[in-house]
Amino acid sequence: MVILNSRFKSLDLVLDNIVLTSLFPSGAGDAPPKKDEKVIKELKESIIGAAKDKKRKNVEQEEAEPEDLSKTESAIAREEVAIRAEQRRRRFIKRWPSVTKVELKTRPWKPPEQDKRVRVVIEYPELTTRKWVPPYRRRRKRRPKRLRIPKEEMTKPLYEGSKLKKIWHNFRLVDTNKMMLQGTIGCNSKAYSPAQCGAQTGPIAYVARALLFEKSPAEFDEKDVDDVIMAADKFYKQCLLAMKCYKGKPALQLVQLLPSFFFRESKYTVRLGQVERGVLASHPNNVVQEPDLNSIMLKKSGKTFYYILTVGDDRHFLIWGAPPPRDVQTAVKNICYMFDPHFLNDIGQPEEPYYACCTERPALYAGAFLRYAGVQSFVNDFLANYGMLHAKLCGKPRPPITLTEVEASNDIVQKDPLIRDPNYSVDMQAMSIHCRSQWLSMHQNALVDKKIYESQYPLGSLSMVSLSTARSKCKKNVREFYQRKPKVSKPSMPVAPEKGPPPTTEEDLLALRGEDFFLYCPANDIHMYGSCIIALWRRSDLPVASRGQAGNNLVDREFRFDNEMTQL
């Protein structure tokens, strides 16, 4: 109000001047006339009223509300978000007033205390530096003069190098004309059961023949020896399982093996060819001449051959050979190879009998590939290891041998990885079956169906398709199923009987007499107490008649009999 009154006071003065100048214009030398005050007052009021009206209109125009402009959706949303945020902030301050009023407690600053631990001071030696010189500015050392080798010494051999053993790829020389590539396990290992120990030589020869399709002998290594023995052991168990009720010898013949098997993600089919029979070694003075190993192998000299050599009934060896390359200058006509799965020592000799029961076997004993220079070297080494040259001294005949030609068919049935996906549908069907033969036939049919309809070859097993079934079987049950015999008991020392057997009388001997009782006795009175054999050894020093002098008289027949019995 004070401001307005001061404004109106100044305004009255201005109005007075305006009214006076409008009513009484100034003239030259004329004095303003006196008018009525009433007229002046009305004129003031009219001017003040007009000024107030004008001022009111200006205030109304200033205070008029602004026009509402159309806002976008994003602007409206931003305003709402700002409003909600402000509301949240106010609620938070109202609910938690202490948060906004944090008391800061500070301490006066102090310097840190000195470390009480004793500092470890490492005294480094003085670093000597030298100025770096670029390579192109360095002084070059002159090359020392080499000593010239005289001409008379250039052709001389280096005696230190000649002491090293010769090698051929992974084979090493162990004897004259004999090289060996040894693995880490053997077929007569303690890892196998006593019934199957050493009985897998037939399947091993099959699998070793399949290995020759994948690698040449120059590419063999130690892992190949172990792979062949382990794959052949699985193949041997499949063959036993396929025979179902087989209760014969654990060492299967070649004709009892399955024709096809799996090895390294491939399926091979093996066919047996011609067979040659003979004896391991025949004496030159023998009347009946049979072909022996030496005479049979000499016929193969200079040729390529693949045979499975069977000694007796339970030992099988894969032997093969080929002439040496033309670029190699050698007098040897054949390079012979043999795969021996038995335990061999470091020079390629089989394990001694007294090692058979020993738990701590030398580390070098394992199966191996053997390589010979020439057929004669192979025959001599084989007869030295497995010839049983002392058999005639024990009264035993030398074992027969069989050479079976083996061919692996060129059409490999499968080359892609085998299928190892479990088939749970077959397992659910087999849960209610208690007959083992029916259970095996069901899985065999599943294998056939996959082969015919899906062109797939599952895991090479004749007994089970699914791995889930295989995992559920205990190893002990599987081992008992394969063996079908109790465990071998420990040998016990013989106990002397309390009373000896009663002496035999002539009636007892005559009761034992048959039609051949006196046929093989050189004299009528030497059949008592084994005197027949004693007489043979005593009379073996007599000169033996040659073949040309042999006749049908009594003396020649006696000499011929001594010679034949000594060989047997």
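In the numbering used here, the protein residues as written are 1 to 568.
The beta carbon of each residue, even a glycine, is placed where N, CA and C say it ideally should be.
Span of the alpha helix (DSSP H) around residue i
i           : result
residue 201 : 201-214
residue 83  : 73-95
residue 147 : Here residue 147 belongs to no alpha helix (DSSP H), and DSSP marks it neither H nor E.
residue 347 : Taken as a continuous stretch (DSSP letters only), residue 347 belongs to no alpha helix (DSSP H), as it is neither H nor E.
residue 232 : 222-243
residue 508 : 506-511
residue 190 : Looking at the DSSP string, residue 190 is not in any alpha helix (DSSP H), and its letter there is neither H nor E.
residue 294 : 293-299
Close-in-space but distant-in-sequence residues of the same chain around residue i (CB under 7 Å, 5 per side omitted)
i           : result
residue 179 : 168, 171, 172, 173, 371
residue 501 : none
residue 221 : 170
residue 270 : 206, 209, 259, 406, 408
residue 85  : none
residue 296 : 276, 278, 403
First and last residue of the uninterrupted beta strand (DSSP E) at residue i
i           : result
residue 383 : Counting along the chain, residue 383 falls outside any beta strand (DSSP E), though it belongs to the alpha helix (DSSP H) covering 375-386.
residue 260 : 260-262
Chain-order list of residues whose beta-carbon lies under 8 Å from that of residue i (same chain, five-residue window excluded)
i           : result
residue 300 : 321, 334, 375
residue 358 : Because residue 358 sits at a pLDDT of 45, beneath the cut-off of 50, its placement in the model cannot be relied upon, and the following sentence gives the value as read from the coordinates. For residue 358, where only same-chain residues beyond five positions count, there are no Cβ hits under 8 Å.
residue 191 : 185
residue 350 : 340, 342, 343, 344, 385, 386
residue 430 : 439, 442, 443, 469
Closest residue to residue i among the options (Cα-Cα distance)
i           : options            : result
residue 249 : 276, 314, 263, 500 : 314
residue 176 : 341, 166, 94       : 166
residue 233 : 222, 47, 309, 205  : 205
residue 323 : 296, 373, 112      : 373
residue 255 : 182, 273, 127      : 273
residue 308 : 102, 210, 97       : 210
residue 279 : 44, 388, 135, 41   : 388
residue 338 : 53, 147, 367, 428  : 367
residue 292 : 382, 497, 58, 147  : 382
residue 231 : 494, 253, 263      : 263
residue 319 : 73, 76, 336        : 336
residue 346 : 491, 365, 329      : 365
residue 369 : 401, 329, 123, 317 : 317
Residues of its chain near residue i, where Cβ-Cβ distance is below 6 Å and the 5 sequence neighbours each way are ignored
i           : result
residue 569 : The structure shown does not extend to residue 569, since the chain spans only 1 to 568, so no value can be given for it.
residue 425 : none
residue 197 : 188
residue 235 : 203, 261
residue 141 : none
residue 83  : none
residue 251 : 199, 314
residue 312 : 399
residue 377 : 177
residue 282 : 290, 292
Residues that residue i bridges to, as DSSP identifies them
i           : result
residue 319 : 307, 338
residue 407 : 271
residue 368 : 182, 340
residue 47  : Residue 47 pairs with nothing; no bridge assigned.
residue 168 : 171
residue 276 : 403
C-beta neighbour in chain C for residue i, strict 8 Å
i           : result
residue 262 : No chain C is part of this structure, which consists of one protein chain only.
- Item | Segment contact flag, the stretch 214-227 with the stretch 287-296, C-beta cutoff 8 Å, min 3 pairs | With a cut-off of 8 Å on Cβ pairs, the stretch 214-227 is not in contact with the stretch 287-296, counting fewer than three such pairs.
- Message: Measuring CB atoms only, is the stretch 232-247 touching the stretch 216-224, in the sense that at least three cross pairs come out at less than 8 Å?
- Response: Below 8 Å, too few C-beta pairs join the stretch 232-247 and the stretch 216-224 to call them touching: fewer than three.
- Taking 8 Å as the threshold, find out whether the stretch 302-310 comes into contact with the stretch 425-436 through three or more Cβ pairs. Result no; under three Cβ-Cβ pairs closer than 8 Å.
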